[in-house]
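Below is one structure, written out as structure tokens; comments come after it.
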Amino acid sequence: MKFHNGCWLFKEGYECFSPQHVYEVRKSEQEVVLCAPTGRINHKGDTLGGINLTVRITAPMPEVIRVQTFHHMGVVDRGPKFELELSNAEELEAEETENLLTVRSGHLSLVIDKENWSMRYERDGELLTKSGWRDLSYLKTDWKGFAYDKGSEDAYMRQQLGLSVDELVYGLGERFTPFVKNGQSVEIWNEDGGTSTEQSYKNIPFYLTNRGYGVFVNHPEKVEFEVATEQVTKVGFSVKGESLDYFVINGPKMKDVLKRYTDLTGKPSLPAQWTFGLWLSTSFTTDYDEKTVMSFIDGMFERGIPLSVFHFDCCWMREFHWTDFIWDERVFPDPEGMLRRIKEKGVKICVWINSYIGQESALFEEGMQKGYFLKRANGDVWQWDMWQPGLAIVDFTNPEATKWYQSKLKMLLDMGVDCFKTDFGERIPTDAVYYNGADPVKMHNYYTYLYNKAVYEVLEQERGKEEAILFARSATADGQKFPVHWGGDCWSDYESMEESLRGGLSLTSSGFGFWSHDIGGFESQSTPDVYKRWAAFGLLSTHSRLHGSTSYRVPWVYDEESVDVVRFFTRLKLHLLPYLYSSAVHTSETGVPMMRSMMLEFEEDMNCRYLDKQYMLGDSLLVSPVFNEEGIAQYYLPQGKWTNLLTKEVSEGGCWRREHHDYLSVPLWVRENSMIAQGIEAENASYSFKNNLELQVFELQTEAKTVVYQNGRPVCSLSLKKNGEKIEGVLQGEGNVKIRFVNRKLRAVQGADVKIDGNDTVITMKAGEFVCEV
10 MKFHNGCWLF KEGYECFSPQ HVYEVRKSEQ EVVLCAPTGR INHKGDTLGG INLTVRITAP
70 MPEVIRVQTF HHMGVVDRGP KFELELSNAE ELEAEETENL LTVRSGHLSL VIDKENWSMR
130 YERDGELLTK SGWRDLSYLK TDWKGFAYDK GSEDAYMRQQ LGLSVDELVY GLGERFTPFV
190 KNGQSVEIWN EDGGTSTEQS YKNIPFYLTN RGYGVFVNHP EKVEFEVATE QVTKVGFSVK
250 GESLDYFVIN GPKMKDVLKR YTDLTGKPSL PAQWTFGLWL STSFTTDYDE KTVMSFIDGM
310 FERGIPLSVF HFDCCWMREF HWTDFIWDER VFPDPEGMLR RIKEKGVKIC VWINSYIGQE
370 SALFEEGMQK GYFLKRANGD VWQWDMWQPG LAIVDFTNPE ATKWYQSKLK MLLDMGVDCF
430 KTDFGERIPT DAVYYNGADP VKMHNYYTYL YNKAVYEVLE QERGKEEAIL FARSATADGQ
490 KFPVHWGGDC WSDYESMEES LRGGLSLTSS GFGFWSHDIG GFESQSTPDV YKRWAAFGLL
550 STHSRLHGST SYRVPWVYDE ESVDVVRFFT RLKLHLLPYL YSSAVHTSET GVPMMRSMML
610 EFEEDMNCRY LDKQYMLGDS LLVSPVFNEE GIAQYYLPQG KWTNLLTKEV SEGGCWRREH
670 HDYLSVPLWV RENSMIAQGI EAENASYSFK NNLELQVFEL QTEAKTVVYQ NGRPVCSLSL
730 KKNGEKIEGV LQGEGNVKIR FVNRKLRAVQ GADVKIDGND TVITMKAGEF VCEV
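In the numbering used here, the protein residues as written are 10 to 783.
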């Protein structure tokens, strides 16, 4: 929110109260509390009234400092609150001199000037960010001084943190605006706004910068960020009310910031292996019945396109009856039989749901009578006519309502459904009354967390933690624990394809590990050209789904070449599953996203700072989708040697490339010192890796190591070290493994069977050590 009128003045109607100095310091093992008057205290008479701020400083975990600032502490906090991991709080190290107070957490320090209020965040003495004159502020609108009748007076708390020269800001959720957030005003307020506006389905009050620190604002309600806008050398963030709570998180690397942020808010859960295969949908408002569904599934297999999941969108239920969880018997007379027949083909099943119960739904009367819906202040059920006539909204703060909703999902799971698309959750009223008395303004963003948590938990209970998966649209902080999320409603053109990627990279810079989007676009129908380019992009994302609005997304409705493209990239992704799934394990353990920006991977490379049309998929693969009908790709290769995975071309990095690609090609590069684990036989997304692995080694310059996982457990590892012309290797695990040295002919291999395959050397061996010469 903008409060200033230029550099010196405030907007008309605003009064600003900022700490002048520290009057009193109270220290304990766990916290430091400061009394910070907003007027200078020169004698005792100055303490008679006036506005003081109370500042509480803690260290909830190493390398993290939390600052809570209060005006009036007596305000009742009715919740909700983010579910944070705060059990690792350490004893606070605080040092005080006559003029300075220094609080330390690991390498991170907060230095406060007590005489002339200012705050400096430092890492080993190096400045990260700072806050000075009028930056930490309590602001009033239409201030009436100390009158009893406050009338229309509103209060805000605001902090501004400085930006250094060349400092860039990333994150703040899934945003489709420019990837670098400098120059943007950002509202943390969930909206159903599509992918082509400044609104966002997934608003996360967390940002990180290329200086190697992050800031998490611990407020589920609306938080307003001014990122180098109102004050061009500062990030300002403000909330309405009497307090402000934020965490500063140290790196020093941006990946370290994300690791610590997800230590605090929760790691992304590990999706099952089958979820990384191809998902196919009925689309949204298309006409379909069992015959249509089976023709799509059979058509994919007949054309040699492996299918992992089939998704039924909302019209599996009767119109006006969403959501009642009852199959429309007019088109699905035997749903259990149909689901069984689909599963016999090796295909998992997803169905669309949301938490809105239309008045015509069979569940409406029951939910109303039992008090399971949000209410109005007079006790009426909160209803409106958006989306479904007379819809009510399930109140997940009511434990019995949550169990009731979950029981309906359990019935579907018992029928054979495997997972759920948890749509919507953004249009949540701010005047509703909740069962637990929660603040409805704070619940607007937070509602989606309870909704997705309820669905994810029933999947964990019924299918097991290793099988639980959602396809969710809305999210708030902590939501990364319930993957996977997709980008929402995009248009079917190159512009929306590009903005979708931009939003995904913004989300994965905000603590989310996995992300998807609608291949071919959602609204309208793409040209065959866009569809084929989007298919390559979509099948080189963490999760891949063909889904549309008013038209089908099976490839043969476009042209036969579209079939070839979807087949080619689906099979490529299946062969890459050992690498992809192992990357997902790493993401679930560390919080470093599987699909990540170039900046996150190469933060020292200035060329990567603004890149948002290419990305890294795991540690080793660089992907640059094609965004034009001419087939021209323009992208950047960072320093080092890179190998094209599809052509085996080797290129020296540190350069921009411009090249033409046909539809069966895309810039897909492997960085040096990498090993890409591939499946040899890969006919579906659930195949076994044992005796079916080829570890491909690319441009080994020094050393490399990879660990291959399946079902969350390591099945194989390979360590390589190059000394001059000699390569030493250690393979661990069960079964036979092929090791392919790409573009490298080796000789005098000891400890393994070897053959030359073109320009490659292929070693076949079981666990053990081997030595070879270049």
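All residues carry an ideal CB built from backbone N, CA and C; glycine is no exception. Remember, it's a predicted structure, so these values are computed and weren't measured experimentally.
Item: Where does aspartate 55 sit, in a helix, a strand or coil, going by DSSP?; Value: helix
Item: Using 8 Å for Cβ pairs, my map puts glycine 781 next to valine 758. What's the rounded Cβ distance?; Value: Correcting the residue identity first, residue 781 is cysteine in this sequence and not glycine. Sure, about 4 Å apart at Cβ, within 8 Å.
Item: With DSSP as the reference, label valine 771 as helix, strand or coil.; Value: strand
Item: Report all residues from its chain with a CB closer than 6 Å to the CB of leucine 468; omit the five preceding and five following residues, and keep chain order.; Value: Ala477
Item: Applying the 10 Å Cβ sphere with the 16-neighbour rule, what's the burial state of isoleucine 641?; Value: exposed
Item: Count the CB pairs spanning the region 131-145 and the region 98-107 that are closer than 8 Å, and state whether there are at least three.; Value: no
Item: Can glutamate 72 and aspartate 265 be called in contact, C-beta distance under 9 Å?; Value: yes
Item: Helix, strand or coil: which one does DSSP assign to histidine 494?; Value: strand
Item: Is the region 190-199 touching the region 34-45, taking contact as three or more C-beta pairs under 8 Å?; Value: no
Item: Below 8 Å on the Cβ atoms is my contact criterion, and I expect asparagine 259 with histidine 116 to pass it. Report the Cβ-Cβ distance as a whole number of Å.; Value: 6 Å
Item: Excluding five sequence neighbours on each side, which residues of the same chain lie with their C-beta closer than 7 Å to the C-beta of leucine 177?; Value: Val189, Asn191, Thr218, Asn219 and Arg618
Item: Excluding the five sequence neighbours on either side, which residues of its own chain have a C-beta within less than 8 Å of the C-beta of glutamate 778, listed in chain order?; Value: Glu737, Gly738, Val739, Leu740 and Gly760
Item: Do the region 579-599 and the region 556-569 make contact, defined as three or more Cβ pairs closer than 8 Å?; Value: no
Item: Looking only at its chain, what residues have a beta carbon closer than 6 Å to the beta carbon of isoleucine 314, apart from the 5 residues adjacent to it on each side?; Value: Val575, Arg576 and Thr579
Item: In this structure, what does DSSP give as the bridge partners for leucine 1?; Value: Outside the displayed range of the chain (10 to 783) lies residue 1, so it cannot be described from this structure.
Item: Output the boundary residues of the beta strand (DSSP E) element that contains glycine 777.; Value: 777-782
Item: Taking the beta strand (DSSP E) that arginine 666 belongs to, which residues open and close that run?; Value: 664-669
Item: How many Å lie between valine 84 and leucine 479 at the Cα?; Value: 37 Å
Item: Does glutamate 409 come out as helix, strand or coil in the three-state DSSP assignment?; Value: helix
Item: For leucine 348 and valine 426, which I take to be in contact (beta-carbon distance under 8 Å), what is that distance rounded to the nearest angstrom?; Value: 7 Å
Item: For serine 27 and leucine 109, which I take to be in contact (beta-carbon distance under 8 Å), what is that distance rounded to the nearest angstrom?; Value: That belief does not hold up - the Cβ atoms of serine 27 and leucine 109 are roughly 19 Å apart, past 8 Å.
Item: At 3 residues or longer, and completely inside the region 191-220: list those beta strand (DSSP E) runs for me, N to C.; Value: 193-197 and 212-218
Item: Whose C-alpha, out of Tyr696, Glu681 and Asn637, is nearest the C-alpha of glutamine 687?; Value: Tyr696
Item: Tell me the rounded alpha-carbon separation between aspartate 502 and valine 746.; Value: 43 Å
Item: I need the DSSP call for glycine 171, collapsed to helix, strand or coil.; Value: strand
Item: Under 6 Å Cβ to Cβ from phenylalanine 79, same chain only, skipping five residues before and after it: list those, please.; Value: Thr63 and Ser252
Item: Do the region 502-515 and the region 535-542 touch if we need at least three Cβ pairs shorter than 8 Å?; Value: yes
Item: Determine the closest residue to lysine 462 out of Asn212, Lys412, Glu668 and Asn445, with distance taken between C-alpha atoms.; Value: Lys412
Item: Is the separation between the beta-carbon of valine 675 and that of alanine 545 shorter than 9 Å?; Value: yes
Item: Among Ile765, Ala776, Gln489 and Gly171, whose alpha-carbon lies nearest the alpha-carbon of leucine 279?; Value: Gln489
Item: Give the range of the beta strand (DSSP E) segment to which aspartate 86 is assigned.; Value: Run containing aspartate 86: none; DSSP gives neither H nor E here.
Item: With DSSP as the reference, please indicate the residues paired to glutamate 131 in a beta bridge.; Value: Ser118 and Leu136
Item: Identify the continuous alpha helix (DSSP H) that holds methionine 347 and give its terminal residues.; Value: 344-352
Item: Can you check the region 695-736 for any beta strand (DSSP E) of at least 3 residues that lies completely inside it and give the ranges in chain order?; Value: 702-707, 712-719 and 722-732
Item: Rounded to whole angstroms, what's the CA-CA distance from aspartate 440 to asparagine 387? Just pull it up for me.; Value: 11 Å
Item: Reducing DSSP to helix, strand and coil, say where leucine 673 ends up.; Value: coil
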